[in-house]
Amino acid sequence: MKPAALLPGIALVALGMGAVQASQVYRWTDAQGHAQYADRLDERVPAQAVARLEVPVEAAVVARLRVEQGDAGALAWVDNLLAGPIEVMLHADGGGSLVSDPALPARGTVAAQSGALLARIVQGNPRLRVAAVPGTPNARPRDVEYGYPLQTASLRIQQAWDGGFSHADDENRHAVDFAAPLGTPVLAARDGVVMQSEAGFGDATPGEDDAGLVARANFIRVLHDDGTMALYAHLQTGGVLVRLGQHVRRGQVIGLSGNTGRSTAPHLHFVVQANRGMRLQSVPFRMFGPHGILRFGNARAGGG
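Counted the way mature numbering (1 follows the signal peptide of the UniProt record, and there is no 0) counts, the sequence shown spans residues -22 to -1, 1 to 282.
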């Protein structure tokens, strides 16, 4: 058989890839001569002392497809750039009489921040592409009581389970949107490891289409010991206070709430998810709030 004529190359895969945008950051020098940075102006700082910086931002890359030419064909590797496992699917488009080992599409899991060989292309010259989903499909959710994810005694739910605005799909059916002023400390609701985060997006621009906004929310994804993952989303610019791979404890401050992405008002979007075989599915959860056990229904709720 004739070896594949694929050229070595690299392809990047992102979850919800959005267009590159510029996030605005302000810089000034304080009374002690130290440079200070923030995404909002401090009214106490004279306007002439402030420099406005434009910081380009794009959606975080999850995985990288590498194609290496070898004596026995082209080797398709996938590198996991997250601090937690991912599941991947390698597809081939075109390329004539394709022969590969294993046959494509090929599916597998890749451990945190490592690489895995997905397939060897023996014959053909296909266009390869890879899809990636956080987590592994063997997650087994345990019945755990989650802590309230905001450092505040108030409680107001903008949208609960099965909310009609954005909680109708499998990924978000059991999500809860907690109203929170900008900059409210976000707490880890359960022990885990920070596997993914995004901190560089600015607030939504009026008139932007929903598809573009979804991909531009700042967030933290925490991996739990049963394979489930908690997503804390719509954080403010620079509102991620933890690093990839960091172990966090329940009640620890991990971020600051905001209004980025597809958001009509400042809030924290909280959801527990599990990988169900190349797709994410939200998982029902129990939570203890500021005033006791919380009940999440399918109706819009408010209080506190």
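The beta carbon of each residue, even a glycine, is placed where N, CA and C say it ideally should be.
DSSP three-state assignment for residue i, whether helix, strand or coil
i: residue 294; result: With the chain covering only -22 through 282, there is no way to say anything about residue 294.
i: residue 87; result: strand
i: residue 269; result: coil
i: residue 264; result: strand
i: residue 238; result: strand
i: residue 225; result: strand
i: residue 177; result: coil
i: residue 124; result: strand
i: residue 274; result: coil
i: residue 257; result: coil
i: residue 78; result: strand
i: residue 102; result: coil
i: residue 142; result: Bear in mind that the predicted position of residue 142 carries a pLDDT of just 47, short of 50, making it unreliable; the figure below should be weighed with that in mind. Coil.
i: residue 163; result: strand
i: residue 136; result: strand
i: residue 158; result: coil
i: residue 34; result: Confidence at residue 34 is low in this model, with a pLDDT of 41, below 50, so its placement is unreliable and the value that follows should be read with caution. Strand.
i: residue 153; result: coil
i: residue 4; result: Unreliable placement is indicated for residue 4, whose pLDDT of 49 sits below 50; the coordinate value is still reported in the next sentence. Three-state result, residue 4: strand.
Selected residue, minimal CA-CA separation from residue i, among the options
i: residue 66; options: 160, 76, 87; result: 87
i: residue 127; options: 168, 218, 204, 202; result: 168
i: residue 39; options: 84, 109, 99; result: 109
i: residue 171; options: 230, 253, 180, 123; result: 230
i: residue 75; options: 92, 43, 101; result: 101
i: residue 103; options: 50, 70, 97; result: 70
i: residue 254; options: 64, 197, 47; result: 64
i: residue 218; options: 105, 106, 161, 134; result: 161
i: residue 176; options: 237, 197, 163; result: 197
i: residue 45; options: 85, 89, 107, 72; result: 107
i: residue 246; options: 119, 269, 208, 96; result: 208
i: residue 49; options: 99, 258, 251, 249; result: 99
i: residue 124; options: 178, 200, 223, 244; result: 200
i: residue 252; options: 56, 96, 119; result: 119
i: residue 303; options: 97, 222, 156; result: Residue 303 falls outside the range modelled here, since the chain spans only -22 to 282, and no answer is possible.
i: residue 224; options: 90, 178, 249, 269; result: 90
i: residue 147; options: 249, 265, 43, 41; result: 249
Beta-carbon separation (whole angstroms), residue i vs residue j, contact threshold 8 Å
i: residue 173; j: residue 61; result: 5 Å
i: residue 58; j: residue 92; result: 6 Å
i: residue 133; j: residue 267; result: 6 Å
i: residue 260; j: residue 153; result: 6 Å
i: residue 131; j: residue 274; result: With a Cβ gap of about 19 Å, residue 131 and residue 274 do not count as contacting.
i: residue 83; j: residue 159; result: Actually they do not touch by this definition, with Cβ atoms about 46 Å apart.
i: residue 122; j: residue 258; result: Contact doesn't hold; Cβ gap of about 18 Å is too wide.
Sheet register partners of residue i (DSSP bridge)
i: residue 244; result: DSSP lists no partner for residue 244.
i: residue 207; result: 201, 251
i: residue 112; result: 64
i: residue 69; result: 107
i: residue 196; result: 213
i: residue 97; result: 54
i: residue 218; result: 233
Practice task
Decide yes or no for the touch test of the stretch 66 to 84 against the stretch 212 to 228: beta carbon pairs closer than 8 Å, at least 3 of them.
Solution key: no
Problem - the stretch 223 to 240 in contact with the stretch 201 to 208 per 3-pair CB rule at 8 Å - result: no
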